[in-house]
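Colleague: Position 366, counted from 1, in the sequence shown is what the UniProt record's numbering calls 366; the numbers after and before it change by one each time, with no gaps.
Note that the Cβ used here is the ideal one computed from N, Cα and C, for glycine as well.
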Amino acid sequence: MKKAAIYLRVSTTDQNYDRQEVELRTFAKMMDFEIIHVFEEKKSAVLKMDIREQLSEMRKLTKDDVDRIFIWDITRLSRRAIDFINLVNEFAEKGICLHFKERNIITLGDDGKLDALTGMYLYLLGVFAQMDAENRKAMMKSGKENALLKGHSYTNIAPFGYYLENKHLYIKEEEAKYVKQAFELYRDGKDTQYIADIFNANRVPLKSRRKDIVWVKGTISQLLKNTVYYGKGKLENIIKKKTEESPVEKKIRYFDAPAIIGKELYDECRNRAILNRSQQDKSKEIITLLRGLLVCGVCGKFYVIGNNNKQREYRDGDIRANVNNRVYCKNGSIKAEIADFIVWEAVKDVYTYNTFKEKCLEEKEKCKLELFQNETTILELQKDIANIIAQINRLGTAYLKELFSDEEFAEQKSSLISEKLRLEGIINEYKAKNLLLNDIIVADYDFSKYLIRDLSLGEKKEVCNQLIETILIYNYGTNRRLLHVKLKIGLRYNILVCTVSANKSYCIVDDATVTFNNPFKAPEIVRDLVNDFSVTSNNNNLFNEEIFGEYSYEDVWNIMDKYGYVKKLLSTKMVNN
Numbered sequence: 001m002k003k004a005a006i007y008l009r010v011s012t013t014d015q016n017y018d019r020q021e022v023e024l025r026t027f028a029k030m031m032d033f034e035i036i037h038v039f040e041e042k043k044s045a046v047l048k049m050d051i052r053e054q055l056s057e058m059r060k061l062t063k064d065d066v067d068r069i070f071i072w073d074i075t076r077l078s079r080r081a082i083d084f085i086n087l088v089n090e091f092a093e094k095g096i097c098l099h100f101k102e103r104n105i106i107t108l109g110d111d112g113k114l115d116a117l118t119g120m121y122l123y124l125l126g127v128f129a130q131m132d133a134e135n136r137k138a139m140m141k142s143g144k145e146n147a148l149l150k151g152h153s154y155t156n157i158a159p160f161g162y163y164l165e166n167k168h169l170y171i172k173e174e175e176a177k178y179v180k181q182a183f184e185l186y187r188d189g190k191d192t193q194y195i196a197d198i199f200n201a202n203r204v205p206l207k208s209r210r211k212d213i214v215w216v217k218g219t220i221s222q223l224l225k226n227t228v229y230y231g232k233g234k235l236e237n238i239i240k241k242k243t244e245e246s247p248v249e250k251k252i253r254y255f256d257a258p259a260i261i262g263k264e265l266y267d268e269c270r271n272r273a274i275l276n277r278s279q280q281d282k283s284k285e286i287i288t289l290l291r292g293l294l295v296c297g298v299c300g301k302f303y304v305i306g307n308n309n310k311q312r313e314y315r316d317g318d319i320r321a322n323v324n325n326r327v328y329c330k331n332g333s334i335k336a337e338i339a340d341f342i343v344w345e346a347v348k349d350v351y352t353y354n355t356f357k358e359k360c361l362e363e364k365e366k367c368k369l370e371l372f373q374n375e376t377t378i379l380e381l382q383k384d385i386a387n388i389i390a391q392i393n394r395l396g397t398a399y400l401k402e403l404f405s406d407e408e409f410a411e412q413k414s415s416l417i418s419e420k421l422r423l424e425g426i427i428n429e430y431k432a433k434n435l436l437l438n439d440i441i442v443a444d445y446d447f448s449k450y451l452i453r454d455l456s457l458g459e460k461k462e463v464c465n466q467l468i469e470t471i472l473i474y475n476y477g478t479n480r481r482l483l484h485v486k487l488k489i490g491l492r493y494n495i496l497v498c499t500v501s502a503n504k505s506y507c508i509v510d511d512a513t514v515t516f517n518n519p520f521k522a523p524e525i526v527r528d529l530v531n532d533f534s535v536t537s538n539n540n541n542l543f544n545e546e547i548f549g550e551y552s553y554e555d556v557w558n559i560m561d562k563y564g565y566v567k568k569l570l571s572t573k574m575v576n577n
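(1) Provide the residue(s) that pair with Tyr7 in DSSP beta bridges, ordered along the chain.
(2) Could you name the residues that DSSP lists as bridge partners for Val306?
(3) Exposed or buried, Phe372, counting other C-beta atoms within 10 Å across all chains shown (16 or more means buried)?
(4) Can you have a look at Ile85 and say buried or exposed, based on whether 16 or more other CB atoms are within 10 angstroms of its CB?
(5) For Arg315, which residues in the same chain have their Cβ closer than 8 Å to its Cβ, ignoring the five residues on either side in sequence?
(6) Return the first residue and the last residue of the beta strand (DSSP E) that Val295 is part of.
(7) Label Leu421 either buried or exposed according to how many other C-beta atoms from any shown protein chain fall within 10 Å of its C-beta, with 16 as the threshold for buried.
(8) Using the C-alpha atoms, what's the distance from Tyr186 back to Phe255?
(9) Going by beta carbon distance, what residues of the same chain come within less than 7 Å of Leu49, once the five residues before and after it are set aside?
(10) Could you tell me whether the Cβ atoms of Tyr170 and Ile71 are closer together than 8 Å?
(11) State the DSSP-derived secondary structure class of Lys301, mapped to helix, strand or coil.
(12) Return helix, strand or coil for Ile441, following the three-state DSSP convention.
(13) Is the number of C-beta pairs between the stretch 549-569 and the stretch 492-505 that are closer than 8 Å three or more?
(14) Can you tell which of Ile105, Glu41, Leu114 has the C-alpha that lies nearest to the C-alpha of Glu90?
(15) Would DSSP call Leu569 helix, strand or coil?
(16) Report the residue from Cys299, Asp340, Leu235 whose alpha carbon sits nearest the alpha carbon of Val463.
(17) Name, in chain order, the residues that DSSP records as bridge partners for Glu236.
(18) Quick check on DSSP: helix, strand or coil for Arg453?
(19) Once the 5 residues before and after Leu437 are set aside, which same chain residues still bring their CB inside 7 Å of it?
(20) What residue range is occupied by the uninterrupted alpha helix (DSSP H) comprising Asn200?
(21) Ignoring anything shorter than 3 residues or poking outside the stretch 489-551, list the beta strand (DSSP E) runs there in chain order.
(22) To the nearest angstrom, how far is it from the Cα of Tyr553 to the Cα of Lys486?
(23) So Glu41 and Arg9 are supposed to be a Cβ contact under 8 Å. How far apart are they, rounded?
(24) Nearest by alpha-carbon distance to Ser221: which of Asp64, Ile426, Glu174, Arg270 is it?
(25) Let's test the definition: count the other Cβ atoms within 10 Å of the Cβ of Ala5 and tell me whether it reaches 16, buried, or not, exposed.
(26) Which residues in the same chain as Val500 place their Cβ atom closer than 6 Å to its Cβ, once the five residues preceding and following it in sequence are excluded?
(27) Mark Ile252 as exposed unless 16 or more other C-beta atoms lie within 10 angstroms of its C-beta, in which case mark it buried.
(28) Skipping 5 residues on each side, what residues in its chain have a beta carbon closer than 7 Å to that of Glu550?
(29) Could you tell me which residues DSSP pairs with Leu487 in its beta bridges?
(30) Do you know how far the Cα of His484 is from the Cα of Phe516?
(31) Between the beta-carbon of Trp215 and the beta-carbon of Val228, is there less than 8 Å?
(32) Let me know if Leu122 comes out buried or exposed under the rule of 16 or more other beta-carbons within 10 Å of its beta-carbon.
(33) Buried or exposed: Lys282, going by 16 or more other Cβ atoms within 10 Å of its Cβ?
(34) Buried or exposed: where does Asp397 fall if 16 or more other Cβ atoms within 10 Å of its Cβ makes it buried?
(35) Which class does Arg480 belong to by DSSP, given the choice of helix, strand or coil?
(36) Taking Tyr186 as part of the alpha helix (DSSP H), name the residues at either end of that continuous run.
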């Protein structure tokens, strides 16, 4: 039985893949062909052949794969004359026959070649198919122009805030209120990311109703630019495509539509956008110290940067997550300048601690020992691989002497090669570990030299990235935050922060002394029973009297304040000062 493929493409509403496939399979079976491949195309035949995925896959077939391809009609293959004849010739050169059922046209003769008469006939059919497509396009364009003259909607897809009924645009009130809110927020100084975050937090559905995507800056920006919201729908038609010699030429027209906002509000927002662009300092790279380091202690998502009244803040990344991955975490935000400043102060000071220096040296010695052990193991594994290679060579010699059958030789050689690959994989794992160990051994964790001069923001970020493994943030109310900092070298410390406008302050304490118990990990039913911190008796260097036991966030704050460890946050742009 000869092998064949089927190429399906539906072009009208009264047809479907199932009908085409059933009839083509029956047709092929009658001609003693077995269907091996089925290609279901969803893109239009008027498109270039290079951008139609299923057609591109079918073009990879060779004579060894199939003898014939069954297609419903020539218009299913292409409505572009040049592409159609090129495809016919391409498959003919491979020796693959195209069989169009509708007209029972076969491209190859009994000799397996495309004769000149058939080629000319197919070319004419391709030209007629292209002419038909162009006529349809012209009729659709003419029909759309007539519809516009009758007052029909300028678009077939209603923008967010509208719905289509009987080809006319109407305001959708449940969406229109969010359109107004977006324009008002932007006019009042909120940026597009802030508006997107607000929409996502309030679960505002997108126009598409898709649940796997969320509002983003670009979507809000497009909404704010759309003239339809003040009553003028914008329709653009490309008159001439862009070339190397000339730019694209467009015909722009405006059509009346029901307004959601006034023209004055729209103009204010456009002026705000121009002002925002002019005030951006493109010469300065925006650097935040904790980007990529700050993680929500509750949902585990990385914090992201956003703007609130032109002030940068770190926000829980859950607000920008795919809807299917959202957990609607309420862990709260923290201003970037505050978080960057207090973490830098902690990072800067930590190098002066003897315990840190001792820990560095201790960790480096451990890494040196592990590195030596890994290198020894690698040498042993390399010896094993050398023995396997020798066995493969001996096996080959024995095979040449006909001491093994073909099957025995192939089986034993395959087994030896598999073992060799397994050992090589283990060696690569050890080498990867050694690279990380070597980084720790050679790392200059003594940054005391930095303390004698002011560092640039980029240098400070480099120090943070070298030292910090991660920072977990926890929300203790509107104006209280905890930053639990984990250092790569093994130390941890806690930063308690108060962000009340009139009393911004913070304190830093070693986690070995005031240990964070992380009640957020406890089941919600018993969370209130878990104290936030445990203070050990090994704290005589920190406190004048013996303080130990279980304490809440507020208790620890008061203890630190009593002993003078709470510091004020006085200046703005603190990290740069």
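Modeller: So, from the listed chains and residues:
(1) Translated into positions along the sequence shown, residue 7 becomes position 7. In the DSSP output, where bridge partners are listed per residue, Tyr7 has Phe39, Ile71.
(2) Within the sequence shown, the letter at position 306 stands for residue 306. The identity of residue 306 in the sequence shown is Gly, whereas the question assumes Val. Its beta-bridge partners are Glu313.
(3) Counted from its first residue, the sequence shown places residue 372 at position 372. Phe372 is exposed by the Cβ-count criterion.
(4) As a working note, residue 85 is residue 85 in the sequence shown. Ile85 should be labelled buried.
(5) On the sequence shown, position 315 is the one that residue 315 refers to. Asp197, Tyr303, Val304, Ile305, Gly306, Ser333.
(6) Here residue 295 refers to the residue found at position 295 when the sequence shown is read from its first residue. Segment 294-296, the beta strand (DSSP E) holding Val295.
(7) In the sequence shown, residue 421 corresponds to position 421, counting from 1. The residue in question, Leu421, is exposed, as its Cβ has fewer than 16 Cβ neighbours within 10 Å.
(8) Here residue 255 is taken as the residue at index 255 of the sequence shown, counted from 1. Here residue 186 is taken as the residue at index 186 of the sequence shown, counted from 1. Between Phe255 and Tyr186, the C-alpha separation is close to 25 Å.
(9) Against the sequence shown, residue 49 aligns to sequence position 49. In the sequence as displayed, the identity of residue 49 is Met instead of Leu. Excluding positions up to five away in sequence, the list reads Leu55, Ser78, Asp83, Leu87.
(10) Numbered from 1 along the sequence shown, position 170 holds the residue referred to as residue 170. Numbered from 1 along the sequence shown, position 71 holds the residue referred to as residue 71. No.
(11) Residue 301 sits at position 301 when you count from the first residue of the sequence shown. Coil.
(12) To locate residue 441, count along the sequence shown from 1; it is residue 441. Helix at Ile441.
(13) yes
(14) The residue you call residue 90 lines up with position 90 of the sequence shown. Considering only alpha carbons, the answer is Leu114.
(15) Here residue 569 refers to the residue found at position 569 of the sequence shown. Of the three classes helix, strand and coil, the one that applies to Leu569 here is coil, per DSSP.
(16) Taking the first residue of the sequence shown as 1, we reach residue 463 at position 463. Nearest C-alpha to Val463: Asp340.
(17) Taking the first residue of the sequence shown as position 1, residue 236 is located at position 236. Answer is Ile252, bridged to Glu236.
(18) Position 453 of the sequence shown, counting from 1, holds the residue named residue 453. Bear in mind that the predicted position of Arg453 carries a pLDDT of just 49, short of 50, making it unreliable; the figure below should be weighed with that in mind. Coil.
(19) Counted from its first residue, the sequence shown places residue 437 at position 437. Cβ within range, chain order: Cys367, Glu370, Leu371.
(20) Residue 200 sits at position 200 when you count from the first residue of the sequence shown. Start and end: 192-201.
(21) 492-498, 505-510, 514-516, 533-535, 549-551
(22) Within the sequence shown, the letter at position 553 stands for residue 553. Within the sequence shown, the letter at position 486 stands for residue 486. Straight-line Cα distance between these residues: approximately 19 Å.
(23) Position 41 of the sequence shown, counting from 1, holds the residue named residue 41. Position 9 of the sequence shown, counting from 1, holds the residue named residue 9. Indeed, because the Cβ distance is near 4 Å, the residues count as touching under 8 Å.
(24) As a position in the sequence shown, residue 221 is number 221, starting the count at 1. If we check each option's Cα against that of Ser221, Arg270 comes out closest.
(25) Counted from its first residue, the sequence shown places residue 5 at position 5. The residue is buried, with at least 16 neighbouring Cβ atoms inside 10 Å.
(26) The count along the sequence shown starts at 1 and reaches residue 500 at position 500. Cβ neighbours of Val500 beyond the five flanking positions: Asn479.
(27) The residue labelled residue 252 in the question sits at position 252 within the sequence shown. It counts as exposed.
(28) Taking the first residue of the sequence shown as 1, we reach residue 550 at position 550. Result list for Glu550: Asn531, Ser534, in chain order.
(29) Residue numbering aside, residue 487 sits at position 487 when the sequence shown is read from its first letter. In the DSSP output, where bridge partners are listed per residue, Leu487 has Ile468.
(30) The residue given as residue 516 occupies position 516 in the sequence shown. The residue given as residue 484 occupies position 484 in the sequence shown. Taking the CA atoms as reference points, Phe516 sits about 8 Å from His484.
(31) Mapped onto the sequence shown, residue 215 falls at position 215. Mapped onto the sequence shown, residue 228 falls at position 228. Result no, Cβ atoms of Trp215 and Val228 do not sit closer than 8 Å.
(32) Here residue 122 is taken as the residue at index 122 of the sequence shown, counted from 1. Counting other Cβ atoms within 10 Å of its Cβ, Leu122 reaches 16 or more and is therefore classed as buried.
(33) Taking the sequence shown and counting its residues from 1, the one referred to as residue 282 is at position 282. Legend: pLDDT at Lys282 = 47, less than 50; position of this residue unreliable, no value from coordinates given.
(34) As a first step, residue 397 is located in the sequence shown; it is residue number 397 there, counting from the start. A small correction: the amino acid at residue 397 is Thr; Asp does not occupy that position in the sequence shown. Thr397 comes out exposed.
(35) Stepping through the sequence shown from its first residue, residue 480 is reached at position 480. Correct three-state label for Arg480: strand.
(36) Walking along the sequence shown from the start, residue 186 turns up at place 186. Here the alpha helix (DSSP H) through Tyr186 covers 173-187.
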